[in-house]
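Structure first, then comments.
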Amino acid sequence: MIPDCILDSITKLVRKFIWAKDNNGKGLHLVGWKIITNPKSEGGLGIKDLKHMKNALLSKHALELMNDGDKIWIKLMVSKYGRIDPWQVSTLKKVSWTFRGLMYSVRSVKNSITQVNVINSNHVLHDPWLFDTPLIMMPTFINMQYDMTTMLIKDLRSNYHWNWTLVCELFPPSLTAVIEEKQVHEDEDRVRWKLKKKTEGKSITAAIYEDCRYKDSNPQWIGWKKLWKLKIIPKIKIFLWKMLHGRLPTSQYLQSLGIGTSDLCSLCNSTLETSYHLFVECRVTQLVWLRIRNEGFLQSWNLFNQDLTQGGWLEGTNLGYLNNESNAGELISCTLWAIWISRCNHLFR
């Protein structure tokens, strides 16, 4: 099992590869790592978070261990350490790194799994036999006159049926109605577990990773998918990706980081250089867009009534590319890239 310090070192190398401009490894990390590790359809680059991936891979095996599979390594672990309970803190001190990793992964995904069957040896308070969370961790109303610390499901049973007299004394009507629907598997002595959500064709590892990773609360934007489908070189796609995240190193953005001496536009040298000014408002840039329209392209597209840096043109609702509408996105992308290159050449060369 790879230690986290090794994964951190690998992640550091990947981040340098993305942002470094030369072999010295220096560069501005313009977009956060949590966003980068999102799928491309959600505004990321689709790079895996290694710690989450390690946890997902371990969780797959931990789920097998919890279900007492027939594999040799599972029998060895159970005979040496006993069964893993995701809701109980292990008191074992001298354990292997592999088993320690399995215990950690089980605890981290316990909210993503659910108990399939109810058995007589389930603890009434400490096992999630009634809900996905044990009763002791929920704000429930139970009769505290009874000592339920060591009470098992079999203590609530009589002749293979629920002892309703005792159940009704212990629990309120809202819980007894739920208990009535629960079927106890009398012939089973092992708890079985499964993922709460359907994998939808994904592997268990992929499903667990999806639960672990960072998710943006905002609705998914259709423009991200269309960005990566554009028929342009990857360098321009990355440029557009940074622009749509508002992370292009314009003079104004660098000034906000305490870098640079001037925040004026390098092309017109008259106004604060933001992405919106550079690509839409700048008088030099407007000449470029007007030239494109005069050549017969994008004639019905009202360029100056929208913010190019917000990516509305990727949604395809405002495009009016008369000669070949399917290539409008590529034309706008390459024009934006050419403006940016011209700006950089004017500034640094």
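Residue numbers for the sequence shown follow UniProt numbering, beginning at 1 and rising by one. Think of the CB as a built atom: it goes at the ideal place given N, C-alpha and C, for glycine as much as any other residue. The model shown is predicted, which means the values in this text are computed figures rather than measured ones.
When DSSP assignments are scanned along the UniProt domain "Reverse transcriptase zinc-binding" (206–289), the uninterrupted stretches of alpha helix (DSSP H) that are 4 or more residues long and fall wholly within it turn out to be 222–229, 234–244 and 251–256. DSSP places Gln115 within a strand segment (E or B) once states are collapsed to three. Only exposed fits Arg190, as fewer than 16 other CB atoms lie within 10 angstroms of its CB.
Assignment of Lys194 by DSSP, reduced to helix, strand and coil, places it in the strand class. Using a Cβ distance threshold of 8 Å, Arg192 and Asn67 count as a contacting pair.
Pairwise C-beta distances place the region 137–151 out of contact with the region 224–231, as fewer than three of them are shorter than 8 Å. Within the same chain, Cβ atoms closer than 7 Å to the Cβ of Ile2 are found at Lys54, the five residues on either side in sequence being excluded. Put simply, of Leu230, His29, Leu244 and Arg293 the residue whose alpha carbon is nearest the alpha carbon of Thr274 is Leu244. In the structure shown, His61 adopts helical secondary structure according to DSSP, grouped into three states. The three-state reading of DSSP puts Leu152 in strand, counting E and B together. Apart from the 5 residues on each side of it in sequence, Trp162 sits with its Cβ closer than 7 Å to the Cβ of Leu156 and Ile179 in its chain, given in chain order. Pairing Val118 with Lys182 gives a Cβ-Cβ distance under 8 Å. For the pair Ala56 and Cys212, the CB atoms are nearer than the 8 Å cut-off. In the three-state DSSP reduction, Val14 falls in the helix class (H, G or I). Under DSSP, no beta-bridge partner is assigned to Arg83. If you check the CB distance, Arg343 and Leu298 do not come in under 8 Å.
Here the alpha carbons of Cys268 and Leu314 stand approximately 27 Å from one another.
Secondary structure at Val184: strand, using DSSP grouped into helix, strand and coil.
Assignment of His161 by DSSP, reduced to helix, strand and coil, places it in the strand class.
Judged by DSSP in its simplified three-state form, His346 adopts helix. For Phe99, the enclosing alpha helix (DSSP H) stretches over residues Trp97 to Ser108.
Judged by beta-carbon spacing, Gln252 lies beyond the 8 Å limit of Leu230, meaning their Cβ atoms are not closer than that value. Around the C-beta of Val109, 16 or more other C-beta atoms lie within 10 Å, and the residue is accordingly described as buried. As the crow flies, the alpha-carbon of Lys48 is around 35 Å from that of Phe348.
In this structure Pro234 is exposed. Its beta-carbon is surrounded by fewer than 16 other beta-carbon atoms within 10 angstroms. Between Lys242 and Leu45, the CB-CB gap reaches or exceeds 8 Å. Per DSSP, reduced to three states, the secondary structure at His52 is helical.
When the alpha-carbon of Ser41 is set against those of Pro219, Arg100, Leu170 and Glu295, the nearest one is in Pro219.
With distances taken between CA atoms, Met77 lies nearest to Phe99 out of Gln88, Phe99 and Ser105.
In the DSSP assignment, Trp33 falls within the alpha helix (DSSP H) that extends over Trp33 to Ile36. About 16 Å separates the CB atoms of His126 and Ile113; that is not less than 8 Å, and the two are not in contact. The residue among Gln310, Gly311 and Leu331 with its C-alpha nearest the C-alpha of Gly296 is Leu331. Spanning the alpha carbons of Gly312 and Leu264 requires a straight line of approximately 26 Å.
Burial check for Val116: the Cβ neighbour count within 10 Å stays below 16, so the residue is exposed. The distance from the Cβ of Ser105 to that of Leu58 is about 4 Å, consistent with a contact at the 8 Å cut-off.
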